[in-house]
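Presented below is the structure to which this report refers.
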Amino acid sequence: MSELRSKPRHRRSRTALAVGVPLALTAAGTLAYGTDLGVLGSTAQQASAAVPAWAADTADGFASVNSLGQNGTYGGRDGKTVTVKTQAELEKYATATEPYVIVVAGTINMNPVGKEIKVQSDKTIVGSGTSGHIVGGGFFLGSGVHNVIIRNLTIRDSYQGVWNDKDHDFDAIQMDGAHHVWIDHNDLRHMADGLIDVRKDSTNVTVSWNKLSDNNKTFGIGWTENVKTDITIHHNWIRESEQRNPSTDNAAHAHLYNNFLEDAPGTDINSSYGNYSRGATRMVLENSLFQGVKNPVIKDSGAALVQRGNSFSGTSGRNESGGTAFDPKAFYPYSLDKAADLPSILKSGAGPRASIGTTAAASAKAANATTLTVAKDGSGQYTTVQAAVNAVPANNPSRVVIAVKPGTYRELVKVPSNKPHVTIQGTGGSRKDTTIVYNNASGTPKPGGGTYGTGGSATVAVEADDFQARNLTISNDFDEKANQNLSGHQAVALRTAADKVFLDGIIVSGDQDTLLLDTAAKDRLGRVYVANSYVIGNVDFIFGRATAVVDKSVITLKKRWDGTSAGYVTAPSTAANRKGILIANSTVNGDVSGGSFYLGRPWHAGGDASLDPQTTVRNTSLSAAIKSTPWTDMSGFSWKDDRFAEYKNTGAGAGSASSNRPHLTDAQAADQEVADWLAGWTPSTS
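Set out below in structure tokens:
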């Protein structure tokens, strides 16, 4: 497509609930870090010979480090998978000496209140979807216990009515002398004492992607004279928590990154401090966001605390750093998200995931999927992604997962229309670890003669229905500056021309025309759901005629090749009587000038006046980069003749309704929800 040029207050009464009464759950979005997770069997006695793919997931951070005779943290993957629904069943398998993968499929009310099940080594305890709740109790990992994963659970409500409770040591997860523990994607709240206590020389612990809230003492680390604990804490959403967020005492290596600490306004829980480096702790604190928190970062005189990339909004009091800590990358690899993006990322992605442990049918489907592995170093079945796609049989009836090991794959990939049900999935710990990239553009010569057009420039082209991509980066790195001889700079990273396309937890990166969301034909429906992802570009970089949703994602605005700021987020070419592009529950930002970007303009492809382009942007945070008149004309077609609107957006770039900035009414917005766009299709990992 061408361009036209302070003091803690007491507990609020509403949360003094009887044990067993749940608080409202916040719907968690889906971030890609594995394949389907399924309940294998309906009773605790029923185990499956086909272990679900997610049971092989391993920890990152310090829990991944080879030490103390334990090489990484993988839980009960070498044991049977069982499903439990009662306290007795959970205790039976959690306290067993042999390894188990334990799926909690329902609410378990602990008796007596405050009971902490003594978990033994080599266990994975995981919630079935969002249904796995431990109420009125938690877990205890004693001295020497190791290789334990606690994942996707809600642990809540042992609170006994006394805010600073000295009599009831009821924790969600407590460890005394344990090692190699991974606490991931849980919702921990409303407990009598701590949500997480890492005590008495416990080490090699990773705490990731959790929601920690509604508590006094949230997360304590240490309680020892020894300087031994190695701990990684990343991508956690900590809110409405008074203290220990966390408090880290005498930790040898404490690496905290990409955490979002929020003291929500208008509540009776006020933070007294945020991250605390105590005793002889050596702490590295990176790319975290502190919002409304008092004393956000505190350091004892004998501690070391190195800060970099953190962001502070509405904070007050102590914010300290100093000393020499350590280099986390000397222990393990990791990648950082921007601090400003954390509210969007964590509000959608932290806590239990609905796609984990959903149904036995989903698990069976995953078990039946064919997996093809790709690795540049030859350790897989194929060394290129396209070779794996070529190996998928024509008209394959079921899911084929192409598992791509970390690396940069400079190649063109095309999934033809006769190969449906294909998933391309990166296997690294981050979506940045696996990259498919090329540099074609409109006007680039083809090997056999002629030149590519806009659609033909795509690094990855998807023409097959029921396609999925997750946990990877798809990029077009065409060099505009070096190719000024070309009349256009359209360079597509990803083109889809199919129905039921699910892009989950990926990065799509380019400049002009980054993400082309098309249909197989003008009269064909093409639904695309982009979730928990990043889309990066500058000119018309989300465009096409598909019925497309960008949900719970970050849209990053990028400067032009010459350093100027000017661009357009969307350019829909929607057919009449179809839905176009919906951006919902997302963030639009980037390192560009204020008031320099439009939200969109109407693309009447080929001058087709019958088209009725549509973009709706709703419930989304808009940075100051967005123009106060966010829509504009294109190629002689007025945006006012088409369908462009906003609804309840926030941020510096949001604005009130006017003739140049139409807003939906509540009634209109009720008909422009995500479900209306998807029209009966429910995207799910499969």
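Adding 8 to a residue's 1-based position in the sequence shown gives its number in my numbering. Cβ coordinates follow ideal geometry from the N, Cα and C atoms, glycine included.
{"Item": "For residue 537, which residues in the same chain have their Cβ closer than 6 Å to its Cβ, ignoring the five residues on either side in sequence?", "Value": "510, 557 and 691"}
{"Item": "How many angstroms separate the CA atom of residue 41 from the CA atom of residue 479?", "Value": "Residue confidence for residue 41 is low, a pLDDT of 28 falling below 50, so the modelled location carries little weight and cannot support an answer."}
{"Item": "Confirm, please, whether the CB-CB distance from residue 396 to residue 380 is below 7 Å.", "Value": "yes"}
{"Item": "Kindly indicate which residue of 495, 230 and 251 has the alpha-carbon position closest to the one of residue 172.", "Value": "251"}
{"Item": "Mind reading off the beta-carbon distance from residue 186 to residue 204? Whole number of angstroms is fine, and I expect it under 8 Å.", "Value": "Actually they do not touch by this definition, with Cβ atoms about 12 Å apart."}
{"Item": "Specify whether the segment 447 to 467 and the segment 425 to 438 touch according to this definition: at least 3 beta carbon pairs, one from each stretch, less than 8 Å apart.", "Value": "no"}
{"Item": "When you compare each of 163, 107, 244 and 655 to residue 153 by their alpha carbons, which one comes out closest?", "Value": "107"}
{"Item": "If distances are taken between C-alpha atoms only, which option among 177, 71, 654 and 296 comes closest to residue 634?", "Value": "654"}
{"Item": "So residue 217 packs on residue 257, CB below 8 Å; how close in whole Å?", "Value": "Not a contact, Cβ separation roughly 24 Å."}
{"Item": "Kindly list the residues whose CB is nearer than 7 Å to the CB of residue 139, restricted to its own chain and excluding five residues on each side of it in sequence; keep chain order.", "Value": "113 and 114"}
{"Item": "Using 8 Å as the threshold, is the segment 348 to 358 in touch with the segment 259 to 270, meaning 3 or more CB pairs across them?", "Value": "yes"}
{"Item": "What three-state label does DSSP hand residue 645 in the structure shown?", "Value": "strand"}
{"Item": "Does the segment 591 to 611 come close enough to the segment 638 to 652 to have 3 or more Cβ pairs within less than 8 Å?", "Value": "yes"}
{"Item": "Roughly how many whole angstroms lie between the Cα atoms of residue 494 and residue 362?", "Value": "47 Å"}
{"Item": "Residue 623 and residue 670: beta carbons closer than 7 Å?", "Value": "no"}
{"Item": "Touching or not, the segment 340 to 350 and the segment 322 to 332, by the rule of three or more beta carbon pairs under 8 Å?", "Value": "no"}
{"Item": "Quick one: Cα of residue 542 to Cα of residue 66, how far?", "Value": "24 Å"}
{"Item": "Can you check DSSP and say which residues form a bridge with residue 268?", "Value": "245 and 297"}
{"Item": "Provide the residue span of the beta strand (DSSP E) that contains residue 353, from first to last.", "Value": "That residue, residue 353, is in no beta strand (DSSP E); its alpha helix (DSSP H) goes 350 to 357."}
{"Item": "Return the first residue and the last residue of the beta strand (DSSP E) that residue 128 is part of.", "Value": "Unbroken run through residue 128: none, as it is neither H nor E."}
{"Item": "Restricting to Cα atoms, I'd like to know which of 661, 568 and 520 is closest to residue 463.", "Value": "520"}
{"Item": "Decide if residue 53 is buried, meaning its Cβ has at least 16 other Cβ atoms within 10 Å, or exposed.", "Value": "Since pLDDT at residue 53 reaches only 38, below the 50 mark, its modelled position is unreliable, and the value read off the structure follows with that caveat. Residue 53 should be labelled exposed."}
{"Item": "For the segment 278 to 290 against the segment 337 to 344, do three or more pairs of beta-carbon atoms, one drawn from each stretch, fall closer than 8 Å, so that the two count as touching?", "Value": "no"}
{"Item": "Considering only the beta carbon of each residue, do residue 226 and residue 248 sit closer than 7 Å?", "Value": "no"}
{"Item": "Where in the segment 383 to 414 do unbroken runs of the beta strand (DSSP E), each at least 3 residues long, occur, reported from the N-terminal end onward?", "Value": "408 to 412"}
{"Item": "Is the distance from the Cβ of residue 400 to the Cβ of residue 427 below 7 Å?", "Value": "yes"}
{"Item": "Give me the Cα-Cα distance between residue 127 and residue 169, rounded to the nearest whole angstrom.", "Value": "27 Å"}
{"Item": "State the beta-bridge partners of residue 597 as determined by DSSP.", "Value": "564"}
{"Item": "State the start and end residues of the unbroken beta strand (DSSP E) segment that holds residue 476.", "Value": "476 to 478"}
{"Item": "If you compare alpha carbons, which of 156, 132, 133 and 96 is closest to residue 78?", "Value": "156"}
{"Item": "Taking its Cβ as the centre, do 16 or more other Cβ atoms sit within 10 Å of residue 105, making it buried, or is it exposed?", "Value": "exposed"}
{"Item": "Output the distance between the C-alpha atoms of residue 632 and residue 567, rounded to the nearest integer angstrom.", "Value": "14 Å"}
{"Item": "Is it true that the segment 311 to 318 meets the segment 287 to 299, where meeting means three or more beta-carbon pairs spaced less than 8 Å apart?", "Value": "yes"}
{"Item": "What separation, rounded to the nearest whole angstrom, lies between the Cα atoms of residue 159 and residue 188?", "Value": "14 Å"}
{"Item": "Under a Cβ-count criterion, where at least 16 other Cβ atoms within 10 Å of its own Cβ denotes burial, should residue 221 be classed as buried or exposed?", "Value": "buried"}
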